[in-house]
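Position 72 of the first sequence, counted from 1, bears residue number 72 in our numbering, the numbering being contiguous throughout. Glycine residues also receive a C-beta, built at the ideal position from the N, C-alpha and C atoms. This one's a predicted model, so the numbers in the text were calculated from it and none came from an experiment.
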Amino acid sequence: MRRQKLADLRATGFDPFRASVSPTHFSQEAIAQYVDEQDNTVTVTVAGRLITFRVQGGSSFVKIQDQQGIIQLYFRKDVIGEERYLVFKKQLDLGDLIGVTGTLFKTKTGEITVRVESFTLVAKALRPLPEKWHGLSDPEQVYRQRYLDLIVNQESRQRLMTRSRIVSHIRRFLEDRKFLEVETPVLQGVAGGAAARPFQTHHNALNTDFVLRISLELYLKRMLVGGYDRVFEIGRNFRNEGVSRRHNPEFTMLEVYQAYSDYRGMMTLVQDLFRSLCTDVLGTSQINHAASGETIDFAAEWREVKYKDLIREKTGNPDWFSLSKADKIAGAEALGLKVDPAWEDYEVTNEIFGKLIEPKLIQPTFVTHLPKELCPLAKLTLDDPSTIDVFELIIGGMEIAPAYSEQNDPDVQRQMFEAQAGEEVQNIDQDFLLALEHGMPPAGGMGIGIDRLCILLTGAESIRDVILFPQLRTTAADSK
RNA sequence: GGGUUGGUAGCUCAACGGUAGAGCAGUUGCCUUUUAAGCAAUUGGUUCUGGGUUCGAAUCCCAGCCAACCCA
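Next comes the structure, spelled out in structure tokens:
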């Protein structure tokens with residue numbers, strides 16, 4: 001039927017797919033042009049997708065949607081002429097893209113509206129839009145056909161636009177502080193900087209296997225060696241692991257490195273960043289955390305607590321860290337946890353942290369001085385070499401940002417890598433160690449998972465709601 | 001990887017072993033200031049796929065595919 005209308009239009013010598021329009025304003029800019037009490041004095045050209053269509057005989061109200069939102073248009077037979085009005089009425093469909101020129105006026109009910117003098121169809125929608133009232137709710141279609149979700153579901157439009165603004169704000173915030181944005185390789189010989197299973201790939205011309213990066217860290221530190229004292233990268237990481245409400249195989253990380261700073265400097269930086277995000281993007285310093293029912297208040301003082309103190313508090317045992325592994329396992333099981341006897345000592349303790357403590361930390365909390373086994377890239381704490389000079393920022397029960405005083409002693413770094421790699425020495429990034437031997441300045445570094453940050457700040461329930469095209473299984477429908 | 005739930009018209013959903021339906025969208029009329037839905041008429045289906053049980057299956061059973069949620 002829509003194809004028939006397209007054919008009819010082409011038969012008259014007009015092909016919408018060869019037509020265009022030059023809008024003078026976006027929808028909300030156009031509305032702002034209206035001068036009160038002065039109907040039909042300002043002329044604008046706007047363009048967008050037809051989302052409601054209400055014909056009332058010789059006059060009609062329709063709405064179009066563009067990037068900024070929705071604007072109402074008013075078509076009258078006696079303004080555009082009988083012939084054009086018939087084209088408007090018979091050849092246009094919901095979902096079509098049109099451009100119109102007309103004057104601004106205010107309707108009886110007070111809505112600023114374009115009184116259309118001329119219009120052009122610039123793309124014909126050959127398939128119908130999902131229903132306007134209920135929107136599109138089938139989650140599979142929401143994710144696979146995100147464009148439809150964005151057209152009909154206002155919350156999705158808003159949420160994903162907020163994500164764009166968050167990322168853009170972060171760039172400005174860091175650039176204002178003299179950080180340089182750099183781009184480092186996605187294809188790497190060794191996947192370093194984190195413990196995760198990488199995706200494998202192969203370069204034909206070089207006949208070499210590569211992995212997709214799992215972290216940005218080791219290349220950004222090479223930049224510190226190279227004399228870029230403040231660097232950051234916002235980039236995609238890839239981890240070949242499970243898919244869940246909190247995990248997508250490709251996800252976006254911000255990593256920031258600042259020479260002559262340390263993990264405490266990162267604390268200040270991240271608090272400043274959140275405060276400016278609250279002011280400039282969210283417009284509030286308080287957000288509701290649906291899962292806990294609490295209100296997260298970014299303006300209040302952020303709690304700082306040592307990892308070991310949290311464990312001692314949770315287990316009720318001030319001497320927890322001197323217990324034998326068997327006693328720790330017994331203690332964890334007494335708290336209701338399932339423990340694999342093959343786990344290392346620190347893994348048993350970390351299970352308590354991950355399962356029982358972290359989910360309860362709703363207000364912004366810096367957990368500091370984690371056990372050294374949890375990260376080989378940080379400096380050891382001077383007065384307790386079993387821990388490292390780091391924090392893990394927890395908000396809303398989620399890890400949002402880890403930060404370290406970065407290890408810059410090449411020999412200690414090598415030992416830490418070797419201890420971690422065990423038999424798999426080929427997985428050590430030797431070139432990174434070579435770079436460290438040339439001297440890396442002392443530095444603070446921090447990573448922020450952008451997707452999780454967006455979940456937190458937009459109140460989304462799933463990582464899929466803040467990623468435009470989340471990973472799904474491919475299906476035959478993809479080639480339909 | 002395991003468990004639970006779901007897949008019916010373009011979309012949102014009914015029908016729960018006995019003729020596949022509604023609302024919106026679409027189509028055809030009428031209607032010159034409307035706000036999800038004007039009034040009237042009307043079109044539209046391989047009920048995810050493949051087997052099985054049954055006189056009869058959207059419905060019950062088995063397998064598969066896809067998705068969501070929970071767990072690992």
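query: Measuring CA to CA, which of M161, D176, A194 and E217 is closest to E183?; result: E217
query: For a minimum of 3 consecutive residues, which ranges assigned as the beta strand (DSSP E) are wholly contained in the stretch 248-313?; result: 250-259, 286-289, 294-297 and 303-306
query: Taking the alpha-carbon positions, what's the S168 to G13 distance?; result: 44 angstroms
query: So G444 packs on M253, CB below 8 angstroms; how close in whole Å?; result: The pair is not a contact, with the Cβ atoms about 16 angstroms apart (cut-off 8 angstroms).
query: Quick check on DSSP: helix, strand or coil for G110?; result: coil
query: If I follow the unbroken beta strand (DSSP E) through D39, where does it start and stop?; result: From DSSP, D39 is part of no beta strand (DSSP E); its letter is neither H nor E.
query: Which residue or residues does DSSP assign as beta-bridge partners of K214?; result: Looking at the sequence provided, one finds Ile at residue 214 rather than Lys. In DSSP, I214 forms no bridge with anything.
query: So, under 8 angstroms CB-CB, Y74 and T113 are touching, yes? Tell me the CB distance rounded to an integer number of Å.; result: 5 angstroms
query: Measuring only the C-alpha atoms, how far is V190 from L434?; result: 14 angstroms
query: Can you list, in chain order, the residues of its chain with a C-beta nearer than 7 angstroms to that of T120? Leave out the 5 residues immediately preceding and following it.; result: A19, V21, I98 and G99
query: For S479 and G235, what's the separation of their Cα atoms in angstroms?; result: Summary for S479: the model assigns pLDDT 39, below 50, so the residue's position carries little reliability, and this model does not support an answer.
query: How is the alpha helix (DSSP H) around K5 delimited, first residue to last?; result: R2 to A11
query: Please state the DSSP three-state secondary structure of I64.; result: strand
query: For G48 and T162, I'd like the C-alpha separation in whole angstroms.; result: 21 angstroms
query: Which residues in the same chain as R146 place their Cβ atom closer than 7 angstroms to its Cβ, once the five residues preceding and following it in sequence are excluded?; result: L468 and F469
query: Quick one: Cα of D451 to Cα of S118, how far?; result: 44 angstroms
query: Using three-state DSSP, classify R54 as helix, strand or coil.; result: strand
query: For F232, collect the residues of the same chain with a Cβ closer than 8 angstroms to its Cβ; drop the 5 residues on either side in sequence, then sort them by chain order.; result: L174, F179, L180, E181, V182, L220, L254, E255, V256 and Y257
query: List the DSSP bridge partners of L104.; result: V114
query: So which of A205, K379, I395 and N207 has the shortest CA-CA distance to I388?; result: K379
query: Between the Cα of D93 and those of Q286, E392 and F53, spot the shortest distance and give me the residue it belongs to.; result: F53
query: DSSP on G331, reduced to helix/strand/coil?; result: helix
query: Please return the same chain residues whose Cβ sits closer than 8 angstroms to the Cβ of L335, not counting the five positions on each side in sequence.; result: K314, T315, I352 and L356
query: Alpha carbon to alpha carbon, what distance is there between S285 and H71?; result: The amino acid occupying residue 71 in the given sequence is Ile; His does not appear at that position. Whole-angstrom Cα-Cα distance: 31 angstroms.
query: DSSP on T474, reduced to helix/strand/coil?; result: coil
query: Return the chain-ordered list of same chain residues with a C-beta closer than 8 angstroms to the C-beta of V466, the five sequence neighbours on each side being excluded.; result: R159, L160, R163, D451, C454, I455, T458 and A460
query: Which runs of the alpha helix (DSSP H) spanning at least 4 residues fall entirely within the stretch 415-444, listed in chain order?; result: 430-437
query: Am I right that R245 and S462 are in contact with their C-beta atoms under 8 angstroms? What's the rounded C-beta distance?; result: 4 angstroms
query: Taking Cβ to Cβ, would you say I448 is nearer than 9 angstroms to V270?; result: yes
query: Go to L206, then tell me how far its alpha helix (DSSP H) extends in each direction, as first and last residue.; result: First-last for L206: undefined, no H or E at that position.
query: In the DSSP assignment, the beta strand (DSSP E) including E399 goes from what residue to what residue?; result: M398 to S405
query: Assess contact between the stretch 28-47 and the stretch 123-136, defined as three or more Cβ pairs (one per stretch) separated by less than 8 angstroms. Is contact present?; result: no
query: Given this structure, state the Cα-to-Cα distance separating F274 from Q188, to the nearest angstrom.; result: 32 angstroms
query: Three-state secondary structure (DSSP) at T24?; result: coil
query: Can you name, in chain order, every residue of its own chain whose Cβ lies under 6 angstroms from the Cβ of L310, other than the five neighbours on each side?; result: I357
query: Return the bridge partner residues of A47 from the DSSP annotation.; result: G99
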